[in-house]
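Chains as they are written, first to last, in my numbering: chain A, 4 to 197; chain B, -15 to 194; chain C, 6 to 298; chain D, 11 to 816.
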Amino acid sequence: MQVTRRQFFKVCAAGIGTSSIAALGFSTDALADVREFKLTRSTETRNTCPYCSVSCGLVMYSMGDKAKNAESSIFHIEGDPDHPVNRGTLCPKGAALVDFIHSPDRLRHPEYRAPGSREWKRISWDEAFEKVARLMKDDRDKNFMAKNGEGATVNRWLTTGFLAASASSNESGYITHKVVRSTGILVFDNQARV
Amino acid sequence: MKNDPKKLLRFTPMERANHWLTAIIFFLAALSGLSFFHPFFFPLTQLFGGGVWTRILHPFFGVAMLLSFGGMFFRFKQQNVITPADREWLRHVREMAGGDDRNMPEAGKFNGGQKLLFWLFAACMALLILSGIVIWRAYFSFLFPVEAVRVASVVHAAAAAVMIALIIFHIYAAIWTRESIDAMLYGRVRRAWARQHHPAWFRQMTGGEK
Amino acid sequence: MALQSLDITRRSATTTPSPSQRKTQEVVKLIDVSKCIGCKACQAACMEWNDTRDKIGTNHGVLDNPMDLTANSWTVMRYSEVETGRGLEWLIRKDGCMHCADPGCLKACPAPGAIVQYSNGIVDFQEENCIGCGYCITGCPFNIPRLSGKDGKVYKCTLCSDRVAVGLEPACAKTCPTGAIVFGTKDDMIHHAEGRVADLKSRGFAEAGIYDPLGVGGTHVMYVLQHADKPGIYHGLPKDPSVSAMVTLWKGAVKPIASFALAAGVFGAFFHYVTKGPNEVSEEIEKEFKDEK
Amino acid sequence: MTNHWVDIKNANVIIVMGGNAAEAHPCGFKWVTEAKAHNHATFVVVDPRFTRSAAVADLYVPLRTGTDIAFLGGVINYLLSRDKLQHEYVKAYTNAPFIVKEGYEFNDGLFSGYDEAARTYDKSTWAYEAGPDGYARLDVTMQHPRCVLQLLKKHYSRYTPEAVSNICGTPGDTFLKVCELIATTSVPDRTLTFLYAVGWTQHSVGSQMIRTAAMVQLLLGNVGMAGGGVNALRGHSNIQGLTDLGLMSNLLPGYLTLPGEKETDYRKYIGARAFKPLRPGQMDYWQNYEKFHVSLMKSWFGNAATKDNNWCFDWLPKLDKIYDVLQAFELMHQGKLNGYFCQGFNPLASIPNKAKLTAALSRLKYLVVIDPLDTETSCFWENHGKYNDVDPARIQTEVIRMPSTCFAEENGSLTNSGRWLQWHYRGAPPPGDAKPDAEIIAGIFLKLRDMYRKEGGAFPDPILSLTWDYDIPHSPAPEELAKEYNGKALADLADPKDPAKAVLRKGQQLDGFIQLRADGSTSCGCWIFSGAWTEKGNMMARRDNSDPSGLGNTLGWAFAWPANRRILYNRASCDPSGKPWDPNRRLVYWDGSKWTGFDVPDFKPDSAPSEGMGPFIMQPEGVGRLFALDKMAEGPFPEHYEPFETPIGTNPLHPKVINNPAARVFRDDMKDFGKSRDFPYAATSYRVTEHFHFWTKHTRISSILQPEQYVEIGEDLAKEKGIKAGDRVKVRSKRGFIEAVAVVTKRIRPLQVNGETVHHVGIPIHWGFKGIARNGYLANTLTPFVGDANTQTPEFKSFLVNIEKA
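Spelled out as structure tokens, the structure:
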């Protein structure tokens, strides 16, 4: 676009004029406004707090509507107001749960630490299962006790132990117990005491 | 001719530069400060790039003002020592304002009014700087108890208002007294002007000639 | 977000009234100190909802943490171990913006619309309009607003105006495990508080009462105190807070009067000039120095 | 909990003792503030520290850590000596009138039958005297010198207010004030509830502390009542469920027990568990033991479990002893354990005596850690300077760590302390490659099974025959597993009242454990959970929160075991004639033809009051036990024993028997116990409200709220030691030291105990060498390796330390 000298002056004059008017108080202020309500259109999922045994009801709010191409991510959690015990309340730990989910210390991949090593090595799930099953089988085959000194059938395996969780679901706990007992493990406990 | 050597040298180039630097900074400080003084003036922030920039710049204008005004202060301090004649001058100031200078004692380089103004400026500046530091939120306010900040806010606003009033007076006096502005613009004044407004200084400069 | 329920009734640095025909219900967050266990759930919920995260600090030999309000911590618990006639009492007060009916911060603010008061009583900072001067800090009788070192804006509790706008309670009130924080209309909250005071009196707290200081026109965050006669024992809660006289002086009539005086000065000078004329070199002297012309 | 969270609001007096509900369970604690606000309840906190719970209490009562039995024993003495009992209840619903066998004795700190070498009791004298009809003998006048009430009186007569004050350090008048308050609930229309947590369990006498509270409640008639009971608050979201599911060395799901190695005969095994009634006309629900057991074995081993092979009884491992976690680490330390799995458990942080644990883990051949977080246990071999000073090169343990999902990333149920099974849903995928626990277990199991299929090996039968009919074998769905533990009919089930009719068709989900059979026609993975997923669907996901009685029993919300019952022993809320003791708190009642009401009756629904069946239907005698028979390891009546590390060095009641004579302690650990002359201060470890165990130090907000490790000491001790608030201090026990910031407080006061001044040092546990909070020492560096005699729970709550400025 060709700008003639005259046009140029006009533009400049207009610019100066408007800025002067602005200086005299004709500018429009940004409208005062509250923050956007951040939960609009987010997806709600009911859950239970994983900390103490009050087991407060939670409503988790996630980004994405669960469409195929949207990867859900939870960005806010608050108490479930319908829950008879917590009635929408959450304690300081519960109110901070979203930071637990997104903790930088969450583990992301199976890892292996060799004897004497100073570091973790990332491995695949298949390698991890293979390694663990092999270690178990070797130990079990070597140390399984079918009968005790008195000749009674005891079918126990005492050289590997299993410490179960305190916050895994009943379903996880059930299948864990089922598998552990099938191997004959007796050194078995959970976190009921601590 | 503006620089007619027959005219009397009233202000050196450095003095003039210092004055006008101070004047410019004063306007920056005053306009930016006024924008926070009352909502009526808030649009002045547009001159400085908006409210946030105005808030950032204003205290630095104050610092610049301190340096520039400080220069003036030390330059002119000696010449502004108030003498008994100045006091006499000040007693007759009403007559002066009425345009009747018959009873006015002879003024030196600066008359009593100018000297008083000088010291009032200095006092206001001191108050503005001290209170300004206390209310400079970004760097200093957290060092002071909130009550001190509150007092400083009042002092700063009051000193600023007085300062602006004095400057208005100063400017008007310069306009009212014809040719005064030339003195500060070009440095030299006509001898007639000096004889009229600052007779004692005139004598001093001309070695008693007439 | 449309402000269905948040009509602005007062705006900082604005000399003309905001549209004020609509009057919505006044809301109050009531903090019952006698039910507070100091669990800091409100602190957590506040940070979580408002997407702020304070820094991970250190322990200072007390349970308070963060130690003070910051631009990221808009509420903190204040713990006081106090010996009273009943023996040791551990008084735990949730500190944060009181949402005064007559807010000192709004009064002090020079930036138009940086601080607003909604007709429901919430005093809200609009950081978009904030210029970062910190005058609100000077104006606040409760020492609440905090300047961010990161963006030079001032932050404080919004009473979750974004939640209240859509009909929800503030995040802290919702999360409070023991019901020490409740939220509702001012009338309902006063009624609730009176019930609590009666219960406390029945348990021997003869001076139990409501904290809703009139010096700031009442507040939209109120406390139930076991010892309402001594608010100072709750980590220095002011007994009779009001907007400082200095602030009133600074932001009150003085400035318009001063502005008017300055304008009058300019006009006075002008009229002096046109009535008295300029101060010129007299004709006699001009004659003496006629060589100069 | 015998009751549940919401029910706390019905109490008139609430005592938090052996716990700190306000800090550890804030949202449950709301029902305490509700009871205060709306039921005008009086709230008392008994604790060595003035806790956040105490901050809102009507009365705070200090006591020395580990002396709760002395305190509650004193309460029993007060109630008995001033006759503040709910007489009718005590007579009808407790074993107070039962006559104890001759030979039972208690002398100078020991009950009859003690074997000093084995540190165990022969409990044969701790039994009822049998009458000629084979049933236990009673004296309804309760005057017989060997009746339980008289023995009880005699036993606790030593627990005078002066003795209590001397042992506990509780001021005498404060103690009496508590007694008076407790006594007010002996009337039928007032109830007391005890809320406790690991502040009771984590003592070498923890189980007996809880029992003492239960006895107080029985004497007051508060068990089975709305607003009553003895309520364990429990510290982890599903520790109730995982215990219900029997994930312990000696348990099977539903509190069935594993056979010992002397019980290799199936009939004897069942016979020893299906108790014979001790009184006529009693329900004695454990008589059904075989139904539960057979259904479990059908669930696990399917068609392989037949009547002919005793339902695979031989496949179950047989116990020679209990393998609790302390035993596990002891074996590991001795080099007898080669492999160890830690699933969502961080023992290096959670188990006492870190030095021993590190040594033990270093002797493993392999360690498998399944966890969502970067735990200390999985990194025990990493050097973290002063916080974990080990040399990785010298640790030969192979470690495999597998990332699991967290709650937000899976479907499933958790059981809260009120025994509610609540279903939750996945909200987002897990980070990286993390997998749900069930999938990880399946992955390991399928590999192992493949190896046994291909290679054979030691006794592969149970592994090869384990039922695994999940739609996706490597990913068993939570829904499938829930249906499995609920149980189903393996054949058409005939109606017992009308054999022509079938209650359930083959393949249908069971409605509840009432339908279980011992003939192999039902399967059920956990009998007490039966009813959780019926033909009507997932009962755990129910969300009807209506509360018609106003007592808080929301029967349409989720599912509570057993049989959706909310308050255990609720038959005891009625008098023997079936009328509620308190007409304002009607849970259940006899309507003339059946038991009905606002809760699921904990009773035979059609047993008329006139039949005289006792309300405690799981007990062979149908009544609550003031005298525990042989159920407790250290005696039928709780007795005060000092902590293993006692600040006073003696037991004022019987100086010859200072500590629990039957506690879980290993010889080698005895040398690691400190004496009060070297470690003069009573220490207690605990949680604080800002943190959850060792998890939330990985959470930003929680780390902000309480960023750095600290210990709490009283002002007097601080002054004595020249410590100011904010100073760094070093706390030592015989087993190691930690450094932390000192919080100096008025809330911990010195106590006058047995003529000495005892100071407490409070040690929060939440910091370690992993996480985003400031790193710290694992608090369990300090704690002693000794456990309760019954539960083997470590004594985290009472030990000795010294403290100095660092």
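Idealized CB from N, CA, C, for every residue including glycine.
- Message: Contact between the stretch 118 to 135 of chain A and the stretch 398 to 412 of chain D is defined here as three or more beta-carbon pairs at a separation below 8 Å; is this criterion met?
- Response: Three or more beta-carbon pairs drawn from the stretch 118 to 135 of chain A and the stretch 398 to 412 of chain D are found closer than 8 Å, and the two stretches are therefore classed as touching.
- Kindly identify the DSSP beta-bridge partner or partners of D:Trp310. The partner list for D:Trp310 (beta bridge, DSSP) is empty, contrary to what the question assumes.
- Query: Between D:Lys272 and D:Trp325, what straight-line distance do the alpha-carbon atoms span, to the nearest angstrom?
  - Reply: Cα to Cα, D:Lys272 sits roughly 15 Å from D:Trp325.
- Task: Going by CA-CA distance only, name the one from C:Gly62, C:Thr80 and C:Val32 that's closest to C:Gly43.
- Result: In this structure, C:Thr80 is the residue among C:Gly62, C:Thr80 and C:Val32 with its C-alpha nearest to the C-alpha of C:Gly43.
- Message: DSSP three-state label for B:Ile40, please.
- Response: Judged by DSSP in its simplified three-state form, B:Ile40 adopts helix.
- Message: Looking only at its chain, what residues have a beta carbon closer than 6 Å to the beta carbon of D:Asp682, apart from the 5 residues adjacent to it on each side?
- Response: Cβ within range, chain order: Lys744 and Arg745.
- Query: Does the beta-carbon distance from C:Cys145 to C:Lys99 come in below 8 Å?
  - Reply: The answer is no: Cβ separation not under 8 Å.
- Listing by chain order, which chain C residues have their CB less than 7 Å from the CB of A:Cys94? The answer, in chain order, is Cys44, Ala46 and Pro182.
- Task: Determine, using beta carbons only, whether A:Leu138 comes closer than 8 Å to chain D.
- Result: Residue-level contact check: A:Leu138 touches chain D, since one or more beta carbons of chain D fall below 8 Å from its beta carbon.
- Could you run through the stretch 15 to 28 of chain C and flag, in chain order, every residue whose CB is less than 8 Å away from some CB of chain G? Among the chains of the structure shown, chain G does not appear; the protein chains present are A, B, C and D.
- Query: DSSP on D:Val667, reduced to helix/strand/coil?
  - Reply: When secondary structure is reduced to three states using DSSP, D:Val667 falls in the coil class, being assigned neither helix nor strand.
- Message: Checking 8 Å against the spacing of the C-beta atoms, do C:Cys114 and C:Cys141 come in under that value?
- Response: For C:Cys114 and C:Cys141, yes; Cβs fall inside 8 Å.
- Query: Can you name the residues of chain C whose CB is closer than 7 Å to the CB of D:Cys37?
  - Reply: Listed along chain C are Pro182, each with a C-beta nearer than 7 Å to that of D:Cys37.
- Item | Alpha-carbon spacing of D:Gly547 relative to D:Asn574, whole angstroms | Cα to Cα, the separation comes out at about 14 Å.
- Task: Go ahead and label B:Trp4 buried or exposed: buried means 16 or more other beta carbons lie within 10 angstroms of its beta carbon, across all protein chains shown.
- Result: By the 10 Å Cβ count, B:Trp4 comes out exposed.
- Query: Can you tell which of D:Pro142, D:Leu424, D:Ile627 and D:Lys604 has its C-alpha closest to the C-alpha of D:Ala570?
  - Reply: Out of D:Pro142, D:Leu424, D:Ile627 and D:Lys604, D:Leu424 has the C-alpha closest to the C-alpha of D:Ala570.
- Keeping to the same chain, check which residues put their C-beta closer than 6 Å to that of D:Phe539; ignore five residues upstream and five downstream. Here the set comprises Tyr495 and Trp571.
- Message: So that I know if they touch, is there some Cβ in chain A lying closer than 8 Å to that of D:Met293?
- Response: No, D:Met293 does not count as interfacial toward chain A.
- Query: When DSSP labels each residue in this structure, what does D:Ala510 get in the three-state scheme?
  - Reply: It is coil, neither helix nor strand.
- Query: Would you call A:Val197 buried or exposed, if buried means 16 or more other Cβ atoms sit within 10 Å of its Cβ?
  - Reply: Per the 10 Å Cβ criterion, buried.
- Run of the alpha helix (DSSP H) containing B:Phe10, from where it starts to where it stops: It spans Pro(-3) to Phe21 - the alpha helix (DSSP H) in which B:Phe10 sits, taken as one unbroken run.
- Item | Residues near C:Asp69 by beta carbon distance below 8 Å, same chain, minus five either side | Contacts found: Val81, Met82, Arg83 and Tyr84.
- Item | Proximal chain C residues relative to B:Tyr156, where beta-carbon distance stays under 7 Å | Within chain C, the residues near B:Tyr156 are Ala274.
- Ordered along the chain, which non-local residues of its own chain (more than five positions away) have a Cβ less than 6 Å from that of D:Phe332? In the sequence as displayed, the identity of residue 332 of chain D is Ile instead of Phe. Excluding sequence positions up to five before and after D:Ile332, its CB lies within less than 6 Å of the CB of Ser259 and Asn260, all in the same chain and listed in chain order.
- Length of the line joining the Cα atoms of C:Lys161 and C:Asp73: Each residue's CA atom was taken as its position, placing C:Lys161 and C:Asp73 some 12 Å apart.
- Taking D:Asp471 as part of the beta strand (DSSP E), name the residues at either end of that continuous run. If you look at D:Asp471, you'll find it isn't in any beta strand (DSSP E); it sits in the alpha helix (DSSP H) that goes Asp471 to Ser475.
- Count the other CB atoms within 10 Å of the CB of A:Asn193; is the residue buried (16 or more) or exposed (fewer)? Residue environment: A:Asn193 is assigned as buried (16 or more neighbouring CB atoms within 10 Å of its CB, all protein chains considered).
- Message: Just checking: is the beta-carbon of A:Arg111 within a distance shorter than 8 Å of some beta-carbon in chain D?
- Response: Yes, contact with chain D.
- Item | Candidates C:Ser124, C:Ser78, C:Tyr216 and C:Cys47: closest to C:Met227 by CA position | Minimum Cα distance to C:Met227 is reached at C:Tyr216.
- So, is the C-beta of C:Pro115 closer than 8 Å to a C-beta in chain B? It does: the Cβ of C:Pro115 has a partner Cβ on chain B nearer than 8 Å.
- Message: Could you tell me the alpha carbon to alpha carbon distance between A:Arg137 and D:Trp567, rounded to whole angstroms?
- Response: Spanning the two alpha carbons is a distance of roughly 45 Å.
- Continuous alpha helix (DSSP H) stretch holding A:Ile77: start and end: Per DSSP, A:Ile77 is not a residue of any alpha helix (DSSP H); the beta strand (DSSP E) it occupies stretches across Ser76 to Gly82.
- Is the Cβ of C:Lys179 closer than 8 Å to any Cβ of chain A? Yes, because at least one Cβ of chain A sits closer than 8 Å to the Cβ of C:Lys179.
- Task: Keeping to the same chain, check which residues put their C-beta closer than 6 Å to that of A:Thr179; ignore five residues upstream and five downstream.
- Result: Counting only Cβ-Cβ distances below 6 Å, and skipping sequence neighbours, we find Ala167.
- Item | Within chain A, partners of D:Leu458 - CB distance below 7 Å | Result: Ala136, Met139 and Lys140.
- Message: Check this for me: beta carbons of D:Lys364 and D:Thr791, under 8 Å apart or not?
- Response: Taking 8 Å as the cut-off, the Cβ atoms of D:Lys364 and D:Thr791 count as close.
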